[in-house]
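Numbering (our numbering), first residue to last: 719 to 1152.
Each residue gets a CB set at the ideal place from its N, CA and C atoms; glycine is no exception.
Below is one structure; the comments refer to it alone.
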Amino acid sequence: MPATDWPAYLDGPPHASYNPAEEAITPATAADVKKKWEFTTGNGYLSSPTVAEGAVYIGANNGWLYKLSTTTGKVLSKIFLGAVNVTSCPPPPTGMVSTATVAIDPRTHQPTVYTSGADGYLYALSASNLKVEWKSVVATPSRTVNNYFDWSSPTVANGQIYVGVSSNCDSPLVRGGLIRYNQETGTKIGEFYTVPKGRVGGSIWSSVAVAPSGDVYASTGNGPLGSAGAQLLGDSESIMKLSPTLKFLGRFQVPSSEEGFDTDFGASPVFFNQYVGACNKNGVFYALYQSTMKLAWQRQISGPAGDMAECIAAPVWNGKHLFFGTPAATIGNVSYVGSVQERDPNGHLVWITGLPNGINGSPTMDGGGVLAVGTYDYNPTPNATYLIDAANGRILRDLVTGEDFAQSVFADDWLFSANQYGVYAWGIDKAGQG
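This is the structure we're talking about:
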């Protein structure tokens, strides 16, 4: 894929969320960013945009996957991939949350969209017209209770696809796990379960990271809510390392003294230097050595945990530092509902900026030195999508109001974002345009 594309959730298997090839939007040009188009069909969006082959691919809360023109926002194609009825879980979600991946099919050598629907299937779709090439079951959701739901975005690497198995919410929990598929055929070729047979918990809500070696890293959810011992059943509340064939290689599990009610991993792992790390809902970011899965360092980057105030976003890694979006944070003696932070590879704080709302979706960064981040909570202050100067944390501007869980992405010299109202494209008029 061209360097200007953003072909997968968090920009691909390493989960860096950084596109150095995109330099059009800078702190100096942020004031000139204009809305190029908006697409408001879909009943809102929790899924993030994927930009490839001149199109934006994004799943909506109504269950449709849309292919939109990057330049106009016009619908080029669409396909319905299921929706669930709200029974035992509060809304949202009802439609698609999983973010699509666009990759080259190793058999046909054609661009292909890999995505998961609310109907419990993993799909391979032709990127040209969204025609189904194959589909394979992940887990079939019940029609009477909200049990299985695919929050996990598919990770495509080395001819294989990895998808997490999770519940819709904790009512009821399911037996969590990770499934491995053949990219060419969709055949299920491996499974790993995080708790023993007959038990529930350890959902993999997040998307797995894949190292250059092919090793797979996954973060897991809690066991049955209650006592600490019950929550730490099996591989629950862990960052795990598995072989490409899903053989267990090691894990780090949150100490029982550091967990609380529903403090699991919702954030996807990210690689940086020799480390792999993820943020837990207890507000702690845990950094592990990739080779041994031993704890290298940990930092309390947000807190306290609570409704819509849980650390579940993956940070940006630009090759030098980490950039976090968090819920509650205290700066000096002032408490903020959310924050954006820069930290060095050892977790030391460089700068922190407070925001009036908490961040639950992952931030993103371009080569021009701009962070894009959206807020998503139920605070009376309106949520918004922000541009932040990565050099010092200065808020450059807010682009649009609305609950923004989706990751904004820099591609094709523009920024693409999505929120509870729609999908948006933002750019700067070139000479002779506008």
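* Asked: Taking one C-beta from the stretch 720-738 and one from the stretch 1103-1110 each time, how about it: are there three or more such pairs within less than 8 Å?
  -> no
* Under a three-way DSSP split, which group does S974 fall into? -> Note: S974 maps to helix in three-state DSSP.
* Asked: What separation, rounded to the nearest whole angstrom, lies between the Cα atoms of S1053 and N1064?
  -> Between the alpha carbons of S1053 and N1064 lies a gap of roughly 25 Å.
* 8 Å contact criterion, which S1031 and G1043 should meet: CB distance rounded -> Inspection of the sequence shows that residue 1031 is occupied by Ala rather than by Ser. Right, their Cβ atoms sit about 5 Å apart.
* **Contacts around G800, its chain only, beta-carbon distance under 7 Å, and the 5 residues preceding and following it disregarded** => G781, G835, A836 and D837
* **Start-end ranges of the beta strand (DSSP E) lying completely within the stretch 765-847, minimum 3 residues** => 768-770, 773-777, 782-787, 793-798, 819-822, 829-834 and 839-844
* To do: Note down the Cα distance separating P808 from S885, rounded to an integer number of angstroms.
  => 13 Å
* Asked: What three-state label does DSSP hand L891 in the structure shown?
  -> coil
* Between N1137 and T1099, is the Cβ-Cβ spacing less than 8 Å? -> no
* To do: With a threshold of 16 other CB atoms inside 10 Å of the CB of F1123, please say whether the residue is buried or exposed.
  => That one is buried.
* DSSP state of Y1142 mapped onto helix, strand, coil -> strand
* To do: Give me the Cα-Cα distance between G1001 and T789, rounded to the nearest whole angstrom.
  => Whole-angstrom Cα-Cα distance: 39 Å.
* Asked: What are the boundary residues of the beta strand (DSSP E) that includes I743?
  -> Run containing I743: none; DSSP gives neither H nor E here.
* To do: Return the chain-ordered list of same chain residues with a C-beta closer than 6 Å to the C-beta of V1034, the five sequence neighbours on each side being excluded.
  => S735, Y736, F1041, P1081 and M1083
* Using a threshold of 8 Å, state whether the C-beta atoms of Q1016 and Y993 are closer than that. => no
* Asked: Would N779 be called buried (16 or more neighbouring beta carbons within 10 Å of its own) or exposed?
  -> buried
* Asked: For I922 versus S954, is the C-beta spacing smaller than 8 Å?
  -> no
* Asked: Closest to Y866 by CA distance: which of T858, P872 and T873 is it?
  -> T858
* Is it the case that the Cβ atoms of S816 and S765 are separated by a distance below 8 Å? -> yes
* Between A770 and D823, is the Cβ-Cβ spacing less than 8 Å? -> no
* **Residue closest to F1003, alpha-carbon to alpha-carbon, out of I1049, H1066, V918 and L967** => H1066
* On a CA-only basis, which of K1038, Y1094 and G1086 is nearest V1068? Give me that one, please. => K1038
* To do: Could you tell me whether the Cβ atoms of L964 and V934 are closer together than 8 Å?
  => yes
* **Where H733 sits in the DSSP three-state scheme** => coil
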